[in-house]
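Protein chains in written order, with our numbering: chain A, 5 to 356; chain B, 5 to 356; chain C, 5 to 356; chain D, 5 to 356.
We put the beta carbon where it would ideally sit given N, CA and C, even for glycine.
Values in this document were obtained by computation on a predicted structure and should not be read as measured data.
First comes the structure, then the notes that go with it.
4 protein chains.
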Amino acid sequence: MEPGKRLSVAVAGASGYAGGEVLRVLLNHPHVEIGALTGASNAGSRLGELQPHLLPLADRVLQPTTPEVLAGHDVVFLGLPHGTSGALAAQLGDDVLVVDLGADHRLTDPAVWERFYGGEHAGTWPYGLPELPLAGGGRQRQNLVGARRIAVPGCYPTAVSLALAPGFAAGLLRPTDVVVVAASGTSGAGKALKPHLLGSEVMGSMSPYGVGGGHRHTPEIEQNLTLAGGRDVTVSFTPTLAPMSRGILATCTAALAEGVAAADVRTAWQEAYADEAFVHLLPPGQWPTTAQVHGANSCVLQLAVDEHTGRVVVVAAIDNLVKGTAGGAVQSVNTALGLPEAAGLTSVGVAP
Amino acid sequence: MEPGKRLSVAVAGASGYAGGEVLRVLLNHPHVEIGALTGASNAGSRLGELQPHLLPLADRVLQPTTPEVLAGHDVVFLGLPHGTSGALAAQLGDDVLVVDLGADHRLTDPAVWERFYGGEHAGTWPYGLPELPLAGGGRQRQNLVGARRIAVPGCYPTAVSLALAPGFAAGLLRPTDVVVVAASGTSGAGKALKPHLLGSEVMGSMSPYGVGGGHRHTPEIEQNLTLAGGRDVTVSFTPTLAPMSRGILATCTAALAEGVAAADVRTAWQEAYADEAFVHLLPPGQWPTTAQVHGANSCVLQLAVDEHTGRVVVVAAIDNLVKGTAGGAVQSVNTALGLPEAAGLTSVGVAP
Amino acid sequence: MEPGKRLSVAVAGASGYAGGEVLRVLLNHPHVEIGALTGASNAGSRLGELQPHLLPLADRVLQPTTPEVLAGHDVVFLGLPHGTSGALAAQLGDDVLVVDLGADHRLTDPAVWERFYGGEHAGTWPYGLPELPLAGGGRQRQNLVGARRIAVPGCYPTAVSLALAPGFAAGLLRPTDVVVVAASGTSGAGKALKPHLLGSEVMGSMSPYGVGGGHRHTPEIEQNLTLAGGRDVTVSFTPTLAPMSRGILATCTAALAEGVAAADVRTAWQEAYADEAFVHLLPPGQWPTTAQVHGANSCVLQLAVDEHTGRVVVVAAIDNLVKGTAGGAVQSVNTALGLPEAAGLTSVGVAP
Amino acid sequence: MEPGKRLSVAVAGASGYAGGEVLRVLLNHPHVEIGALTGASNAGSRLGELQPHLLPLADRVLQPTTPEVLAGHDVVFLGLPHGTSGALAAQLGDDVLVVDLGADHRLTDPAVWERFYGGEHAGTWPYGLPELPLAGGGRQRQNLVGARRIAVPGCYPTAVSLALAPGFAAGLLRPTDVVVVAASGTSGAGKALKPHLLGSEVMGSMSPYGVGGGHRHTPEIEQNLTLAGGRDVTVSFTPTLAPMSRGILATCTAALAEGVAAADVRTAWQEAYADEAFVHLLPPGQWPTTAQVHGANSCVLQLAVDEHTGRVVVVAAIDNLVKGTAGGAVQSVNTALGLPEAAGLTSVGVAP
């Protein structure tokens with residue numbers, strides 16, 4: 005990018021939680037100019053009514069989500085219902101960096117896509133999780149440099165993959181006995197008007213959903229861990245809804261491979277993330293809280309070996325809307341375009 | 005009990021959350037008269053200052069916790085720090101029904117007690133989980149009839165044991181691959197003045213604790229499941245703190261034993277709890293929420309078989325202070341004294 | 005009522021928060037048998053799907069809301085959109101006790117009704133706030149004995165009227181300088197699927213609504229205080245939405261009438277509620293919390309005189325769904341039918 | 005300041021909520037280098053244990069709060085118990101910009117100080133509320149330019165003064181009939197270990213405190229409004245504690261002066277804040293929420309005239325820790341030192 009030039013960025017789906025968070029992050033980005041904002045049923049509305057926290061953009065009016073409106077920007081973020089981003093991207097041309105916040109282009113296996121999402125698979129795009137260690141060395145970051153299409157990871161897969169990948173990359177874990185239970189804030193479910201998402205129902209309550217392997221993030225987690233370890237991984241994944249707006253706490257446990265010494269386990273995680281700006285292994289004895297990453301692009305980790313059961317337990321905390329969506333997306337955009345990877349991003353949470 | 009006679013009941017530790025909840029339940033109990041209330045540092049205070057929701061008892065004044073004050077009641081509940089209830093009970097005599105809300109008399113193996121709690125084991129009392137199925141048939145209920153000592157289960161063990169015991173009792177589960185992650189409201193940590201329990205820290209945040217097998221409820225869970233299945237069970241247990249005052253949501257997963265057909269699994273739970281008033285297996289498709297049991301003595305369950313990983317996932321919701329503490333205690337007292345098991349208890353939650 | 009006979013009770017609108025809470029209270033009522041349950045769009049659904057906390061009624065199926073379905077019960081509760089209960093009641097006959105949980109029959113002045121609600125006024129029914137002191141002596145209770153129609157008060161008017169009526173009844177307050185700001189839990193807004201009621205929006209947030217005198221409960225509050233004081237009262241009322249499911253905290257302040265001594269103020273409230281089972285003036289120094297009345301039919305009060313500004317500040321806490329709706333309704337039904345006023349009701353909150 | 009030079013900043017009381025928030029804001033400040041961090045009982049601890057969200061400072065160790073440790077910095081923030089900052093500041097010299105986050109130097113009248121805080125008044129410092137309009141024209145901003153001592157306003161006075169000052173400055177309001185009820189998140193009470201601040205007590209509950217004119221922020225509010233209007237103002241102020249970590253929602257109502265037309269009221273606020281970056285009067289019909297300013301330095305306002313009672317109701321939302329404490333402090337420091345007033349600050353909240 006030329007010095008002083010600002011990227012022109014459009015956001016489709018600016019009225020949703022993902023789109024709104026992209027805008028919040030971009031308002032702090034030194035190299036970005038916010039261009040067109042679009043919506044579906046909300047086209048014509050002031051952004052101030054829909055995203056009242058984005059005060060500097062309050063008087064912007066949403067336009068309809070069409071290729072014409074989105075054309076002419078350097079970067080286009082798509083916060084759309086799944087099944088729709090592929091066709092739209094095709095009309096935007098190959099020079100534009102298109103970033104899909106949805107699920108359409110994350111999975112590599114069309115059969116898996118069809119089983120979990122239905123309909124035809126729209127093809128796979130470079131996966132926006134820069135820190136993911138790859139079997140055989142390297143990081144997913146290398147696959148993002150120069151990319152003009154990015155598939156932003158799901159929020160749960162971000163947390164769980166960062167939590168467990170070092171163990172698989174180092175060959176420490178059995179690939180067939182992985183159990184993950186994760187709690188998410190309600191913004192992970194979007195702004196949909198469903199009775200169980202009402203404040204009266206959510207406050208003071210925890211509940212599971214997608215139990216028994218049915219959650220769509222399950223194959224995405226398995227794909228990432230397989231990529232990290234080089235062997236097929238299967239995961240029992242149970243998500244739960246927690247009474248908070250933001251945050252994911254993922255409790256990830258896996259059986260240690262035969263012959264692995266407890267003392268060697270911690271080292272694998274230390275080495276995996278020693279040079280990463282946004283993934284933090286806490287000092288021994290300190291455990292992650294979702295509050296500490298509220299509004300931040302950080303993933304905070306801690307682990308313990310349970311010798312009684314022969315398992316390692318890794319707990320990860322992220323903000324589902326930042327590292328789990330908009331922050332991770334901007335981080336990948338920075339990488340794709342050769343900007344500093346941390347531009348516009350903070351590792352500091354808003355707490356308490 | 006003679007018709008019309010009311011039990012005289014004392015509560016030691018009436019200023020804490022467990023003691024307060026016992027009083028809340030007893031205020032609804034048709035056969036009970038509330039006698040002495042005691043505290044340690046709070047002796048001399050009006051209960052109205054300490055438990056402002058117990059309006060009918062607001063003018064009661066806490067007495068010191070001594071055998072003299074507690075003597076002369078039919079039933080004495082002890083909500084005391086662990087390590088202290090055994091000696092006190094010994095001074096109350098064998099005719100009094102002494103109910104320990106703490107951990108002193110739950111575990112049967114002194115070595116395990118010492119490892120997890122330190123100090124000398126005070127002996128084992130009948131365990132107050134009436135619905136627990138026992139290997140070889142029968143229920144724990146039978147061991148409570150006529151008892152004059154009751155060890156009230158821990159809150160997590162109540163939820164987890166009710167969730168998994170039917171599977172072990174029916175021989176459906178492998179005893180060495182059990183993983184439990186549970187979320188608890190903050191009242192489970194008591195009224196202790198610790199920074200991480202402040203509202204500012206808790207609201208909007210989830211965090212784990214006791215990770216890696218160190219939580220004291222781990223051996224209690226294993227003891228119960230071993231009792232149900234007749235074979236040694238080991239459990240990977242991770243508790244987490246959730247931003248709500250009450251409630252436990254326990255996500256319990258275990259590998260199916262070889263040759264178990266998915267279709268047979270549900271039946272075991274249906275049969276186990278068909279006749280139980282306080283344990284409810286929900287209709288297929290409906291999942292427990294902690295809100296639905298807020299203030300109730302119910303344990304609500306649902307399960308799914310994940311054929312992809314060969315595991316069953318059972319989710320249980322209880323109110324940690326009711327079914328997990330005070331309600332379970334009163335239920336056991338009713339059983340011990342030959343009262344209707346549900347006297348003073350409700351299965352109906354306060355929701356939303 | 006004949007000894008041993010149980011009242012047959014129907015609830016129209018059983019899927020909403022008001023209807024569900026009536027059922028929760030009635031499940032504890034010793035003289036009641038729950039009959040027909042009806043809904044509009046939910047007719048045909050199992051109650052267990054809609055009100056999962058009402059476990060004993062889980063298998064009940066909602067019927068359509070028609071006079072035929074509701075006929076033949078002793079008592080019918082109507083939790084319906086405003087404007088619809090009058091016509092339905094007319095078809096149920098004069099022997100049936102019809103209890104309107106909505107607003108249709110609360111206001112006495114048709115012109116005020118039309119200004120705040122629109123449409124034609126359906127007539128005034130006996131107002132279900134038994135403890136309200138009346139100018140010239142007596143209580144509203146006397147107007148409920150033998151009634152076959154009851155208009156259940158709004159939740160805010162319940163709290164505010166109980167807070168301020170003693171001062172007006174005793175002639176201590178200036179009728180033209182009353183300012184009330186109240187915070188309500190989200191269940192007060194019902195189960196309506198509106199974006200601002202989503203958990204993600206509500207948690208961690210407070211916001212006002214109906215500011216500037218527009219809230220429909222304003223004239224109802226003024227009507228009650230005018231009734232208590234015998235002179236026209238005007239009230240500045242601002243409601244706010246708080247991040248909790250239940251509870252109203254009403255901060256009510258009024259200028260003291262000329263010549264009123266601070267020392268005399270407290271006495272008026274003490275005397276007004278000395279004999280009331282559900283309205284509690286706390287001891288000096290203790291202030292109400294909504295937590296202490298969660299799930300209870302209590303209204304808890306405290307007051308202070310601010311000599312610097314010449315005002316009294318009275319703070320009231322109620323559970324909007326209990327004393328503010330379903331509990332107050334059942335209390336009035338008990339009065340109308342000659343049952344003990346507290347039957348089925350508790351003054352004990354579920355806390356913490 | 006020379007170009008490129010960074011200010012060296014120390015923070016005393018870095019373990020508290022105010023000190024932690026100053027650090028969070030400063031980590032985003034382009035002209036600042038964070039120097040010594042001190043604590044009292046926490047001296048010697050890693051900051052990572054006390055403020056886990058401040059990841060870039062996790063390995064900093066707190067030093068004792070002494071003049072020696074604090075000396076040599078350009079700016080020193082004091083987050084100390086009241087009564088202690090004056091003596092410490094005296095030892096730091098007149099060249100250092102000392103910013104008192106506490107109450108010691110806010111009030112101008114020593115008699116009022118003594119009545120509300122006790123002890124001897126430590127003198128008055130320039131008051132850090134730049135936007136406050138002053139009677140006779142001008143803003144408080146002008147009194148901060150070049151200052152080397154700043155008294156940071158209390159959180160409630162920030163919200164209430166910004167809400168009502170335009171009306172007093174324009175002569176629209178009667179100075180003797182002002183009623184304010186405000187709800188605050190629990191972080192406003194600090195990290196003190198008090199039972200009523202436990203999460204179990206706070207969640208799901210609202211409660212008042214300091215009722216009847218006793219809250220220490222009352223005279224500070226009156227001082228500010230008197231300064232704005234040029235006439236003595238008295239205020240009835242009632243604070244309440246809300247179940248959220250951050251945020252203040254202040255509902256402020258005042259009687260309109262005789263002859264004021266409702267149509268003129270809005271104009272006064274529009275003109276007062278038309279050029280302010282951090283005070284926003286929302287478009288008609290949109291009301292403030294505390295969520296929209298979470299983590300932001302914004303104060304968001306809306307107002308309505310209630311012609312029925314002759315009052316204006318102004319509602320303000322701020323983040324008590326940002327605009328109400330640390331953000332306001334940094335804004336004032338920027339002004340004092342001739343930096344851009346918004347340096348390091350954002351008007352964009354973290355929502356939902």
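Discussion item. Looking only at its chain, what residues have a beta carbon closer than 7 Å to the beta carbon of Arg143 (chain D), apart from the 5 residues adjacent to it on each side?
Written reply: Pro134, Glu135, Leu136, Pro137
Worksheet item: Cα separation between Ala321 (chain A) and Ser211 (chain B)?
Response: 8 Å
Item to complete: Starting from Pro247 (chain B), find everything on chain D with Cβ-Cβ shorter than 8 Å and list it in chain order.
Response: Gly203, Met207
Practice prompt. Starting from the Cα of Ser191 (chain A), find the closest Cα among A:Arg10, A:Gly23, A:Ser12 and give me that residue.
Written response: A:Gly23
Worksheet item: So, do the region 204 to 223 of chain B and the region 262 to 273 of chain B have three or more beta carbon pairs nearer to each other than 8 Å?
Response: no
Worksheet item: Less than 9 Å separating the beta-carbons of Val65 (chain A) and Gly48 (chain A)?
Response: yes
Fill in: Contacts that Ala267 (chain A) makes with chain B (C-beta to C-beta distance below 7 Å)
Result: empty, since nearest Cβ-Cβ is about 14 Å, beyond 7 Å.
Worksheet entry | Where the region 297 to 318 of chain A meets chain D: residues whose CB sits under 9 Å from a CB there | Val297, His298, Gly299, Ala300, Ser302, Val304
Practice prompt. May I ask which residues mark the beginning and end of the alpha helix (DSSP H) holding Asp104 (chain D)?
Written response: It is not in any alpha helix (DSSP H) - Asp104 (chain D) instead sits in the beta strand (DSSP E) that spans 101 to 104.
Item to complete: Could you tell me whether any Cβ in chain A is nearer than 9 Å to the Cβ of Pro85 (chain C)?
Response: no
Practice prompt. Quickly, what does DSSP pair Cys440 (chain B) with across the bridge? List them, please.
Written response: Residue 440 (chain B) falls outside the range modelled here, since chain B spans only 5 to 356, and no answer is possible.
Fill in: Length of the line joining the Cα atoms of Arg10 (chain C) and Ala300 (chain A)
60 Å
Worksheet item: Roughly how many angstroms lie between the CA atoms of Gly83 (chain A) and Gln67 (chain C), to the nearest whole one?
Response: 41 Å
Practice prompt. With a 10 Å radius around its C-beta and 16 neighbouring C-beta atoms as the bar for buried, classify Asp279 (chain A) as buried or exposed.
Written response: exposed
Worksheet item: What residues from the region 325 to 347 of chain D come within 8 Å of chain A, judged by C-beta to C-beta, listed N to C?
Response: none
Discussion item. I want to know whether the region 220 to 238 of chain A touches the region 157 to 173 of chain B - three or more CB-CB distances under 8 Å.
Written reply: no
Worksheet item: Gly331 (chain A) to Leu349 (chain A), Cα distance in whole Å?
Response: 7 Å
Worksheet item: Is the region 184 to 204 of chain B touching the region 144 to 162 of chain A, taking contact as three or more C-beta pairs under 8 Å?
Response: no
Worksheet entry | Proximal chain C residues relative to Leu253 (chain D), where beta-carbon distance stays under 8 Å | Met210, Ser211, Pro212, Thr244
Fill in: Residue nearest to Val239 (chain A) in terms of C-alpha spacing, selected from A:Val102, A:Pro356, A:Thr255, A:Ser249
A:Thr255
Item to complete: Give a yes or no on whether 9 Å exceeds the smallest Cβ distance from Leu231 (chain A) to chain D.
Response: no
Discussion item. Using a 10 Å radius around the Cβ and a threshold of 16 neighbouring Cβ atoms, would you call Arg119 (chain D) buried or exposed?
Written reply: exposed
Worksheet item: Nearest to Asp323 (chain C) by CA position, among C:Ile154, C:Glu25, C:His200, is which residue?
Response: C:Glu25
Worksheet item: Under 9 Å between C-beta atoms, does Pro356 (chain C) make it to chain A?
Response: no
Practice prompt. Using a Cβ cut-off of 8 Å, pull out every chain C residue sitting near Ala187 (chain D), in sequence order please.
Written response: Ala187, Met210, Thr244, Ala246
Worksheet item: Among the residues of its own chain, which have a CB less than 7 Å from the CB of Pro223 (chain C), if the five just before and after it don't count?
Response: Leu111, Val116, Phe120
Fill in: Within the region 81 to 138 of chain C, ranges of the alpha helix (DSSP H) (whole runs, at least 4 residues)
89 to 96, 114 to 121
Practice prompt. Would you list the one or two residues that DSSP bridges to Pro68 (chain B)?
Written response: B:Gly43
Worksheet entry | Which of helix, strand or coil DSSP assigns to Leu285 (chain B) | strand
Worksheet entry | Selection from D:Val185, D:Asp236, D:Ala281, D:Asp99 that minimises the alpha carbon distance to Leu253 (chain D) | D:Val185
Practice prompt. Please look up how many angstroms separate the CB atoms of Val15 (chain A) and Phe81 (chain A), rounded, as I've assumed it's under 8 Å.
Written response: 5 Å
Worksheet entry | Contact with chain B by Pro170 (chain A), beta-carbon distance below 9 Å | no
Discussion item. With a threshold of 9 Å between beta-carbons, can Ala22 (chain D) be considered close to chain B, or not?
Written reply: no
Worksheet item: What is the DSSP secondary structure of Thr339 (chain A), reduced to helix, strand or coil?
Response: helix
Item to complete: Would you mind working out which of B:Ala347, B:Lys195, B:Glu226 sits nearest Thr359 (chain A), comparing C-alpha positions?
Response: There is no way to answer for residue 359 (chain A), as the model of chain A reaches only from 5 to 356.
Practice prompt. For Ser191 (chain D), decide whether its Cβ has a neighbour in chain B, counting only Cβ atoms nearer than 9 Å.
Written response: yes
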